[in-house]
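A.B. asks: In UniProt numbering, the protein residues as written are 1 to 349. By construction, the Cβ of each residue, glycine as well, lies at the ideal position given by its N, Cα and C atoms.
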């Protein structure tokens, strides 16, 4: 005998709205009464005549594609007006939120990248294209690991190994979106471009990226720059390792055929970066003086501070101890030095 599906109630209280809003959804921190636990609830308003299965597609994709670096769905439910998708709440928030609190070191960028791209590789093996990779859609777990989230735009590829998103996030739109017929569809290289944009933003920081996009007065200007390959500018801070820059720029190639052709290729390239390939543990400091570049590095028993004046072409470096004592570092203090020399200094300290 076939028994009917049973329906049961879920009960949660919204605590606050979170920043990760979608075009058709809102996201809340909520407390589940039955579990006595805080969760993230994605709330989707139903549309008239919309197939219910469409709303649950994201939850099903998450549930079917479990992976250590993919945010897992806890449950999915509905009432007369809305769909609710419950996911774990991570107090560390997203990559975007962490960027707003301070810049990443190259080592952190590489580690987080390997983690969330591992999740991306998993869904690619399941013939899915994510279509919405960005700092807001990468969570940082309580174990401090990057986890890919928000599969609302994800699509299964067709027999031609392509798919088409329902809409796109403009700042992470690859050039082919404007030039290739939507009937032809897009490949995994769409995601790979968005990986490049995400890593680029992690390298330059939230403030510099906001400055870069503020130059565009309209969507048409941005579209023209994307198609011309002049956005993003690909201007990296001096401490970013050359190998990492090369990997990101390959992801950002205007021609999809010139990019990495699989997420596994990116993972292999990132894994090849070694300690002697760059200044992996320096953190860029934000300041209001565009001519002054500043970095800090935590070492055993002290913090190194290095400043480089682009106008004077000079640098100064101090070792600062917990008790407030400062000692000038001769290797990092030069009355005349080039930007390439600064990179070598950062590598050596």
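1) Residues in its own chain within less than 7 Å of residue 250 by CB, not counting five upstream and five downstream?
2) Since residue 356 contacts residue 278 with CB under 8 Å, what's their CB separation in whole angstroms?
3) Which of helix, strand or coil does DSSP assign to residue 195?
4) Whole-angstrom Cβ separation of residue 226 and residue 189, contact assumed at under 8 Å?
5) Quick check: what's the CA-CA separation for residue 97 versus residue 139?
6) What span of residues does the beta strand (DSSP E) with residue 43 cover, start to end?
7) I need the boundaries of the alpha helix (DSSP H) containing residue 106, first residue and last residue.
8) Let me know if residue 274 comes out buried or exposed under the rule of 16 or more other beta-carbons within 10 Å of its beta-carbon.
9) Is it true that the CB of residue 66 sits closer than 8 Å to the CB of residue 72?
10) Can you give me the C-alpha to C-alpha distance between residue 118 and residue 57, rounded to a whole angstrom?
11) Can you tell me where the beta strand (DSSP E) with residue 294 in it begins and where it stops?
12) If we count Cβ pairs, one from each stretch, closer than 8 Å, do we get three or more for the stretch 196 to 212 versus the stretch 236 to 243?
13) If you check the beta carbons only, do residue 193 and residue 244 fall under 8 Å apart?
14) Taking residue 167 and residue 222 to be in contact with their CB atoms under 8 Å, please state how far apart those CB atoms are, rounded to whole angstroms.
15) Could you have a look at residue 32 and say whether DSSP puts it in helix, strand or coil?
16) Tell me whether the beta-carbon of residue 12 lies closer than 8 Å to the beta-carbon of residue 41.
17) Which same chain residues, not among the five before or five after residue 99, have their C-beta less than 8 Å away from its C-beta?
C.D. replies: According to the structure shown:
1) 259 and 260
2) The question about residue 356 has no answer, for the chain in this structure spans 1 to 349.
3) helix
4) Not quite, the Cβ-Cβ distance comes to about 15 Å (not below 8 Å), so this is no contact.
5) 9 Å
6) 37 to 45
7) 106 to 125
8) exposed
9) yes
10) 22 Å
11) 292 to 299
12) yes
13) no
14) Contact doesn't hold; Cβ gap of about 16 Å is too wide.
15) Strand, per DSSP.
16) yes
17) 135, 201, 202, 205 and 206
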